[in-house]
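Heads up: the structure comes next, in structure tokens.
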Amino acid sequence: MDYTLTPEEIQVFAAEAREQLEILEEGLLSLDGGKGEPQLIDELFRAAHTLKGGAATVGLEEAAKVTHAMENVFEGVRSRGETLSAEDVDLLLATLDGLRRTLDALEKGEDLPPLGDLLQALSQARGEGEASAAASPEHRRVEKGGVLSEGTLFEIFLQAQADAPMPDVRLYQAILRLQEKGTLEGAEPPVERLGTGEDIRTMTLRYRSPASLEELEDLLKDVPDLLPARWRVLGTGKEAGDEPQEGPKDSAREERARRDEAGSKEKPAPSPGDGSTLSPGSTVRIDVALLDRLMNLVGELVIDRTRLEQLSSQAMSSSDMKEELRRLTGRLARVTGELQDSIMQARLLPIATLFRKFPRMVRDLARQLGKDVELVMVGEDTELDRSVIEKIGDPLMHLLRNALDHGVETPEERKALGKPLPAVVRLEAYHEENHIHIVVADDGRGIDPEKIRQAAVAKGLLSEAEARQLSDEEALDLIFAPGFSTASRVTSVSGRGVGTDVVRKNVEKLSGSVVCRSEKGKGTEFHIKLPLTLAIVHALLTEIQGTVFAVPVGMVTEVLRVESSEIYYTGGKPLIRLREKPVPLQDPGEVWGFRRSLSRERERPFPVVILQTGFGPLGLVVDRLLGEQEVVIKNMGPYVGQVPGIAGASILGDGRVALMVDVGSFAQGARRLA
């Protein structure tokens, strides 16, 4: 195979292939759960068919053979009524893993992993021999001739868009789609020339099918980067000749084809290897209607800018100038607000893009642990900023693994307790005000607060007297302490005390919070609260030594004014009592080193911001409260670097710079001083 892929072609193919792999995995997991509707089998067959065509055309011959073998499996279920056993599903899922490894290697420019064992296993599972494997599309040929189907003989003109990164792949995909409902009798240029490195963007096909023109057009409408096909009827019946007959006219379709073709010619074809390609993780699909809205808003901003330029050169009275500026600022406030909302909308992704990774993990882990578990997912259409989605995956994985390993009982234990099978693990997301809430819950054995108190004393985290004073809620919060675990054994899954610690640390990095609720014998629930976006934060502005510090409102539980007489000291550290509970006070100067520690004597009450941290409540001592405001967080760049306790900076409306407090990091710094 001499076909050489450009970086852009690799990116496009890999992105589309991963989409088909996700469809296949979701469908197989549904089959594993007992759902075998014909519509689902058809969807699996179509995904394997699409994946096969793309792999074959870009020269991944072994991947094409494997996907063809998968296609045969689904065809057996669809056409011959065969059934898929749990072992068959395991094998198909393992095949998807092998194809993912192939894509990873392709993107990294590494040698492709062998897939021969998977191909052999698939063939043996269906009772097929080497002949079946050899019949796979390793030569990327489309079968021609044979027994002609009854129906209409068409001449079809196919054309890829001028800027299509892989035009021959698109043409080949179109041919594969057409073969689902008819027979290819000829092609110019020949199909064998696709994938040889030639720049082929158009093809003329002779194609026979009993299907209607509308059905055939539907086959092609979801092939990417393909202009609307042009159809001409050459004849009808089995013995149709070559004399063309005028087919049904569709002036609107032909006009659209001409218009799209003309528009595509105006776009320059991309230059391979020009360095302009993006990694798959840095791209997001945007609705064209949203782009149109953004363009309209930018147009309004241009109008307002022009009006401001005119005002600077016009002679106006101060009152007229003031009124005109008032109107302009009102318009600017509206337009920028709408622009902000629209850009936020463009960054939002359904959390299903993250959730869909977990059913496979839960299935495999449940089998490994010998447990019968059903994963129930709710709120998959809840939208969240893509940057938050990328960073919350690991914490959710930790919580799910802990739920299966520690929370859920074995089938024998559940039967003895009279609990139903399967056990249920619930993963739920919902939107409330400016936050996203994610819940991971199980109906397992729950967490015993008394066992946590005993473990805390045994590890030296608390004295026996301190442990007795803890409420059940406070005891449950100890599971987030570094290295804390009540597991009686360490497994490859969990039990080392790193899971929940990592969860809280990562959630707090996102300016979020996590709490645990549990009832012994009934189950455990972890509740995560996250901001919709990390770029714009609703913050409480404070002033400390003349510098403005912004604290995420989601991390603030309350704000107090404290008298000096209310402060008491333990081990030289200042504390106050809040509803009969001790709360340590932290002067930020001790953490950041820019002023003396908290004075024991203040003439007037001073403000204290109570922060919610992974180590419990912490009182941040400030000089002044400036109010609440939405701030845009900017990275401070390589010149400043990472500052402990500072997440970034923002420029306020009056030109001052506000430093954004990283509550989790600040609390760690305060704890080191304790």
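In numbering that gives the first Met the number 0, the protein residues as written are 0 to 673. We put the beta carbon where it would ideally sit given N, CA and C, even for glycine.
Is serine 512 helix, strand or coil when you go by DSSP? strand
Please say whether alanine 466 and arginine 452 have beta carbons closer to each other than 8 Å? yes
Here's a check: name, in chain order, each residue in its chain whose Cβ is nearer than 8 Å to the Cβ of glutamate 18, leaving out the five neighbours to either side. none
So the candidates are Ser563, Leu23, Val11 and Glu7; which of them puts its Cα closest to the Cα of arginine 359? Leu23
Of the choices Phe73, Glu323, Ala14 and Leu117, whose alpha-carbon is the least far from that of lysine 64? Leu117
Look at the alpha carbon of glutamate 557 and the alpha carbon of valine 662, and state the distance between them as a whole number of angstroms. 14 Å
Report the residue from Ser78, Asp41, Phe12 and Leu364 whose alpha carbon sits nearest the alpha carbon of aspartate 89. Leu364
Assuming the contact rule is C-beta atoms closer than 8 Å, alanine 62 and alanine 68 should be a hit. Round their C-beta distance to whole Å, please. In fact, because the Cβ distance is near 11 Å, the residues do not count as touching under 8 Å.
Once you ignore the five residues that flank glutamate 8 on each side, which residues in its own chain have a CB closer than 6 Å to its CB? Pro164 and Met165
Secondary structure of alanine 161, DSSP reduced to three states: Reduced to three states, the DSSP call for alanine 161 is coil.
Anticipated Cβ contact below 8 Å, glycine 181 with arginine 207, distance rounded: 6 Å
Give me whichever residues DSSP pairs with glutamate 373 in a beta bridge. Val423
Rounded separation between glycine 97 and phenylalanine 73 - CA only: Distance from the CA of glycine 97 to the CA of phenylalanine 73, rounded to the nearest whole angstrom, comes to 18 Å.
Nearest neighbour of tryptophan 230, chosen from Asp224, Ser341, Glu214 and Gly417 [CA to CA]: Glu214
Please report the residue range of the alpha helix (DSSP H) in which alanine 440 lies. Segment 434-441 is the beta strand (DSSP E) holding alanine 440; no alpha helix (DSSP H) there.
Glutamate 109 versus leucine 102: straight-line alpha-carbon distance, rounded: Straight-line Cα distance between these residues: approximately 10 Å.
Counted within 10 angstroms of its Cβ, other Cβ atoms place leucine 416 as buried (16 or more) or exposed: exposed
Output yes or no for whether 8 Å exceeds the beta carbon distance between glutamate 70 and alanine 93. no
May I have the straight-line CA-CA distance separating leucine 177 from lysine 508, to the nearest angstrom? 51 Å
Could you tell me which of Pro209, Met343, Leu170 and Ser664 sits nearest to leucine 219, measuring between CA atoms? Of the listed residues, the one whose Cα sits closest to leucine 219 is Leu170.
Which two residues bound the contiguous alpha helix (DSSP H) that contains phenylalanine 357? 357-368
How far does the alpha helix (DSSP H) with threonine 532 in it extend, from its first residue to its last? Where threonine 532 is concerned, there is no enclosing alpha helix (DSSP H), given that its DSSP letter is neither H nor E.
For the candidate residues Leu331, Pro419, Asn401 and Gly545, whose alpha-carbon lies nearest to that of threonine 305? Leu331
Give every residue of the same chain whose Cβ lies closer than 6 Å to the Cβ of valine 660, excluding the five residues on either side of it in the sequence, and list them in chain order. Phe548 and Val550
Is threonine 328 buried or exposed, if buried means 16 or more other CB atoms sit within 10 Å of its CB? exposed
Looking at valine 555 and isoleucine 478, is the spacing between their C-beta atoms short of 8 Å? no
Can you tell me which residues form a DSSP beta bridge with glycine 615? DSSP lists Thr612 and Gly613 as partners of glycine 615.
Once the 5 residues before and after proline 604 are set aside, which same chain residues still bring their CB inside 7 Å of it? Closer than 7 Å at the Cβ level, and outside the excluded window around proline 604, lie Arg560, Val561 and Glu562.
Looking only at C-alpha atoms, which of Lys51, Glu106, Leu121 and Leu50 sits nearest to serine 84? Leu121
Could you check where the beta strand (DSSP E) with isoleucine 645 kicks off and where it finishes? 645-650
Helix, strand or coil for isoleucine 446 per DSSP? coil
By the three-class DSSP mapping on this structure, what secondary structure does glutamine 544 have? coil
Quick one, are the C-beta atoms of proline 606 and arginine 623 less than 8 Å apart? yes
Select from Leu531, Leu175, Ala159 and Gly668 the residue whose C-alpha is nearest the C-alpha of leucine 225. Put simply, of Leu531, Leu175, Ala159 and Gly668 the residue whose alpha carbon is nearest the alpha carbon of leucine 225 is Ala159.
Between which two residues does the alpha helix (DSSP H) holding arginine 79 run? 60-79
In terms of alpha-carbon separation, which member of Thr352, Thr612, Val630 and Val631 lies closest to alanine 669? Thr612
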